[in-house]
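Residue numbers (our numbering), protein chains in the order written: chain Z, 2 to 201; chain R, 2 to 201. Structure record follows, encoded as structure tokens.
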DNA sequence: GTAACGGATTAACATAGGTTAAGGACAAAT
DNA sequence: ATTTGTCCTTAACCTATGTTAATCCGTTAC
């Protein structure tokens with residue numbers, strides 16, 4: 002029996018040492034799902050049971066609060082993981098929305114299929130560990146930015162680190178990711194006065 | 002051979018299913034270290050090689066930026082883990098300070114002693130995974146607060162979730178954790194006007 | 001005891017970012 | 001071609017929080 006999705010397997014192998022015969026146990030459980038721009042993979046209140054890998058397209062994670070204000074938590078593109086991670090771990094319904102920003106295609110698997118493998122082979126524990134560590138780093142970095150950098154600095158960092166996304170995204174989404182309003186972002190990008198650093 | 006630190010072993014067992022014979026392999030590598038109030042377990046620029054468990058006392062993690070401003074990232078007390086986590090993972094020098102807020106005692110182990118065990122028994126991968134997942138949840142929760150809640154709301158959440166810490170900590174440290182100045186915190190706690198929600 | 005120091009509070013002022021509203025550009029729908 | 005809707009920008013005004021500085025209090029050092 003062959004590897005059916007060599008591209009996904011290669012992506013997984015980059016994270017953890019999953020041998021082919023283990024991979025085949027998961028591979029059979031994968032299903033393809035397609036999303037049109039604007040459709041949601043995860044909506045708040047839904048039980049959060051599936052994880053996925055993005056094959057093509059782009060997704061946005063965001064919180065919505067009681068007043069309807071949203072804050073964008075992350076973007077995920079090709080080869081990246083799609084899951085309401087904290088909610089999966091806690092088996093809680095999601096408070097997060099995961100929305101396709103472009104027409105997209107993903108491979109999904111029920112999360113319990115993965116956790117069921119934990120006891121059979123250390124490679125699955127390793128995969129879980131590496132993914133959790135990756136996620137941790139992203140969150141920590143962002144926490145530090147939110148705590149210490151002004152909106153202008155966060156904008157500059159974003160433009161430097163993710164020029165690809167900056168080009169693909171409407172500015173209001175970028176503003177939401179930076180934790181500011183579109184109006185505030187317009188002020189930052191306006192040509193006239195340049196303000197750079199939060200004062201000391 | 003007996004378990005030498007049953008209390009620590011019990012704490013570990015709560016996280017992952019580490020059998021006694023595996024635990025003994027790590028236990029022999031633990032060393033006790035003591036810190037007086039104000040001393041640092043980790044300082045910026047140091048290579049980050051050790052992880053530890055707090056036996057008694059209290060520690061504070063904080064970033065320092067170029068202008069010397071600090072932002073407190075987390076507190077860790079008895080039974081909790083002490084490590085510059087992202088820096089350990091990346092084998093980078095720490096950008097974080099970990100400072101004892103009270104006279105404290107910890108058990109340390111070189112991080113490589115732990116990673117060396119990963120290949121020998123799945124329980125260590127599991128432990129690593131569970132710890133990373135735990136850390137992830139903490140960061141994600143805080144990111145959401147910073148993104149969506151006003152300083153007043155963050156203060157109220159902190160007082161509700163960690164009344165124990167609120168009682169033990171000077172207010173300037175709490176302010177630093179909330180991402181505001183001591184002056185701003187004083188305003189929030191001032192008796193007169195009560196302001197609660199960020200407007201919609 | 002007194003001096004020195006660090007933390008907390010308050011006031012006065014400065015500024016970043018939010019809110020509202022209006023207008024313009026562009027795309028999709030009719 | 002007109003309409004509609006969405007996004008972007010700009011302006012005017014408002015509020016939360018930062019900054020600086022003065023004062024007070026409690027602790028530690030002398």
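Using N, Cα and C, we set each Cβ at its ideal position, and we do this for glycine too.
Closer than 8 Å to the CB of residue 64 of chain Z there is at least one CB belonging to chain R. A residue is called buried when at least 16 other Cβ atoms come within 10 angstroms of its Cβ; residue 3 of chain R does not meet this threshold and is exposed. Residue 129 of chain R: member of the alpha helix (DSSP H) spanning 123-149, first to last residue.
Every beta strand (DSSP E) of 3 residues or more that sits fully in the stretch 32-84 of chain R is shown, in chain order, as 32-36, 41-43, 51-57, 59-65, 71-78.
Across the set Z:114, Z:17, Z:21, Z:184, the C-alpha of Z:114 shows the shortest separation from the C-alpha of residue 50 of chain Z. The alpha helix (DSSP H) runs of length 4 or more contained entirely in the stretch 149-192 of chain R are, from start to end of the chain, 152-162, 164-169, 172-179, 183-190.
When secondary structure is reduced to three states using DSSP, residue 103 of chain Z falls in the coil class, being assigned neither helix nor strand. Taking the Cβ atoms as the reference, residue 39 of chain Z lies roughly 16 Å from residue 55 of chain Z, outside the contact range of under 8 Å. In this structure residue 130 of chain R is in contact with residue 130 of chain Z, their Cβ atoms being roughly 4 Å apart against a cut-off of 8 Å. Residue 73 of chain R sits buried, since 16 or more C-beta atoms from the chains shown fall within 10 Å of its C-beta. Assigned with DSSP and collapsed to three states, residue 115 of chain Z falls in helix. In the three-state DSSP reduction, residue 20 of chain R falls in the coil class, being neither helix nor strand.
Contact of residue 126 of chain R with chain Z is assigned, a C-beta pair being separated by under 8 Å.
Annotation: residue 46 of chain R to residue 88 of chain R spans about 11 Å, alpha carbon to alpha carbon. Contact annotation: residue 140 of chain Z and residue 100 of chain Z have beta-carbon atoms that are not nearer than 8 Å. For residue 145 of chain Z, the chain R residues whose Cβ falls inside 8 Å of its Cβ are 64, 72, 74, in order along the chain. 180: these are the residues of the stretch 170-181 of chain R whose beta carbon lies less than 7 Å from some beta carbon of chain Z, given in chain order. 8 Å or more divides the Cβ of residue 105 of chain R from the Cβ of residue 29 of chain R.
Put simply, of R:161, R:93, R:10 the residue whose alpha carbon is nearest the alpha carbon of residue 44 of chain R is R:93. Around the Cβ of residue 190 of chain R, a 10 Å sphere holds fewer than 16 other Cβ atoms; the residue is exposed.
Using a CB distance below 8 Å, the part of the stretch 129-157 of chain R facing chain Z consists of 129, 130, 133, 134, 136, 137, 138, 140, 141, 142, 143, 144, 145, 147, 148, 149, ordered along the chain. Neighbours of residue 123 of chain Z in chain R, taken as residues at a C-beta separation under 7 Å, are given in chain order as 123, 126. The C-alpha of residue 8 of chain Z lies about 38 Å from the C-alpha of residue 153 of chain Z. Using beta-carbon distances, residue 167 of chain R does not count as an interface residue toward chain Z, since no partner is under 8 Å.
Within chain R, the residues whose beta carbon sits less than 9 Å from that of residue 86 of chain Z are 134, 137, 138, 141, listed in sequence order. DSSP lists R:48 as the beta-bridge partner residues of residue 94 of chain R. Annotation: residue 176 of chain Z to residue 160 of chain Z spans about 12 Å, alpha carbon to alpha carbon.
Contact with chain R is found for residue 90 of chain Z, since one of that chain's Cβ atoms lies less than 8 Å from the residue's Cβ.
Of the other Cβ atoms in all chains shown, 16 or more fall within 10 Å of the Cβ of residue 19 of chain R; this residue is therefore buried.
Approximately 7 Å separates the beta-carbon atoms of residue 158 of chain R and residue 146 of chain R; this is inside 8 Å, confirming the contact.
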